[in-house]
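These notes concern the structure reproduced below.
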Amino acid sequence: MSSLLHLAAAVDQPGTPDAGTCAELALLAERGGLDFVTLDDCFARPGADALGVLSRLAPATRRIGLVPTVTTTHTEPFRVQAAVAALDRVSRGRAGWRIDASATEGEARLSGRRYAGPPKTPWREAGGGADAAAGPWDSREDGAGIRDAATGRFPDRDRPDRADLTGTAFSVRGPATVPRPPQGHPVRVVDATDDHALTVAARYADVALVRATAPAQAAGLRDLLRERARASGRDPRTLRILVSLLVDLGDGERAAEPGHGGGGPRPTARGPLYRGGPVDLAELVTAWHADGVTDGFHLIPVEPRRDLERLVNGTVALLQHRGLFRTFYPGDTLREHLDLGRPAADRYAVTGGTS
22 MSSLLHLAAA VDQPGTPDAG TCAELALLAE RGGLDFVTLD DCFARPGADA
72 LGVLSRLAPA TRRIGLVPTV TTTHTEPFRV QAAVAALDRV SRGRAGWRID
122 ASATEGEARL SGRRYAGPPK TPWREAGGGA DAAAGPWDSR EDGAGIRDAA
172 TGRFPDRDRP DRADLTGTAF SVRGPATVPR PPQGHPVRVV DATDDHALTV
222 AARYADVALV RATAPAQAAG LRDLLRERAR ASGRDPRTLR ILVSLLVDLG
272 DGERAAEPGH GGGGPRPTAR GPLYRGGPVD LAELVTAWHA DGVTDGFHLI
322 PVEPRRDLER LVNGTVALLQ HRGLFRTFYP GDTLREHLDL GRPAADRYAV
372 TGGTS
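Residue 323 in my numbering sits at position 302 of the sequence shown; the count goes up by one each step and never skips.
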């Protein structure tokens, strides 16, 4: 495990997300050096989708990673990969996508399906869709995307590899029609809250989000994810595991009281909630990281502007002073922030284009 923490924050707001407010929050998180921000979404929510909102934010930010929720159930992988790749290009390599599953009857009907299926089915479909979406990214070698370098036009038709995948819900045929994304693969994030999602995270995710109210619980989830990652043929060291916490920093330092500060997070219907002050939160983060139970934290402000400002100016500043978190971005891409390697584009060149 790296000696430095990984920190991310949500920029969610009540109701429909406002791009202007999201931009303010993302810039604040960037000032603190956070790895990435997330913006939640669901298949049936009205208004602009999270991917579209963060695409608008890309030119306004410079270094911070941008990770929208993308529902891969009921969604064609080719369209998903094209949209996520576009975010990676417009942000110059700072894109990720939080893979989610749609499990409700209403959302199934929106896509013309009669039922959503048992709980494991949407997550199996989401994982297969994520794998199929990533396939076209490996169908062109790095540097093979442009024929006319002077104008930046025309995909190089002489150097693609086929990317044919057939799954239980989707099939993808042929190479990508656009150049490979700057990161090769934009970073895949999965909220591994339930067992079906945990299986998908272990197999496909670069970053897994877990919910825990105590270090021992976080350690158990970390070990389970690593075990399943190894069983799926992955190197567990390529998986970053972040504890996801709701944070309410409006009550001040109250470490001695149960449910506050040093009392640790307490369970709620929305997930583990920390209440207290920025200093106590820094103590909690420091202790859990020192125990080796997590690579870092994904923090969800209860009141976005207030709590994120106190997080950056208080908690993060203290962690930086202790040498536990970066004071500047050493790289340009989200993969570099997370110390993740860039995937080689040889998946289909080696296999002949089949999977």
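For every residue, glycine included, the Cβ atom is placed at its ideal position computed from N, Cα and C.
Under DSSP, L266 forms a beta bridge with L320. Within the same chain, Cβ atoms closer than 8 angstroms to the Cβ of A69 are found at T37, P38 and A40, the five residues on either side in sequence being excluded.
Per the C-alpha coordinates, the member of Q34, L26, L25 and H27 positioned closest to P322 is Q34. Counting along the chain, the unbroken alpha helix (DSSP H) around D152 starts and ends at K141 to A155. The closest CA to that of T214, considering only P364, H310, C43 and R291, is found on R291.
If you draw a 10 Å sphere on the C-beta of C63, you find fewer than 16 other C-beta atoms in it, and that means exposed. Under the DSSP assignment, F99 falls outside any beta strand (DSSP E), being part of the alpha helix (DSSP H) whose first and last residues are P98 to V111. Within the same chain, and ignoring the five residues on either side of R243 in sequence, the residues whose Cβ sits closer than 7 angstroms to its Cβ are I262, V314 and T315. Just measuring C-alpha positions, the residue of Q102, R110, T93 and F99 sitting nearest T142 is T93.
Counting the other CB atoms within 10 Å of its CB gives P80 a total below 16, which places it among the exposed residues. In the structure shown, A44 falls within a helical segment according to DSSP collapsed to helix, strand and coil. Per DSSP, reduced to three states, the secondary structure at L49 is helical. Scanning L87, V268 and T96 for the CA closest to the CA of W118 turns up L87. Across the structure, R343 and L266 are spaced so that their CA atoms are roughly 22 angstroms apart.
Membership of T220 in the alpha helix (DSSP H) is indicated by the continuous run D216 to Y225.
Secondary structure of T315 (DSSP, three-state): coil. Under DSSP, the beta-bridge partners assigned to R261 are V228.
The bridge partners DSSP lists for W118 are R209. The distance from the Cβ of L359 to that of D56 is about 6 angstroms, consistent with a contact at the 8 angstroms cut-off. Counting the other CB atoms within 10 Å of its CB gives F349 a total below 16, which places it among the exposed residues. Taking a 10 Å sphere around the C-beta of A31, we find 16 or more other C-beta atoms and assign the residue as buried.
Taking V208 as the centre and dropping the five residues before and after it, the same chain places the C-beta of F57, G86, V88, A116, G117, W118, D227, V228, L355, R356, L359 and L361 closer than 8 angstroms to its C-beta, in chain order.
By the CB criterion at 8 angstroms, P293 and G335 fall outside the cutoff.
Under a 10 Å Cβ-count criterion, G254 is classified as exposed, with fewer than 16 other Cβ atoms of the shown protein chains found around its own Cβ.
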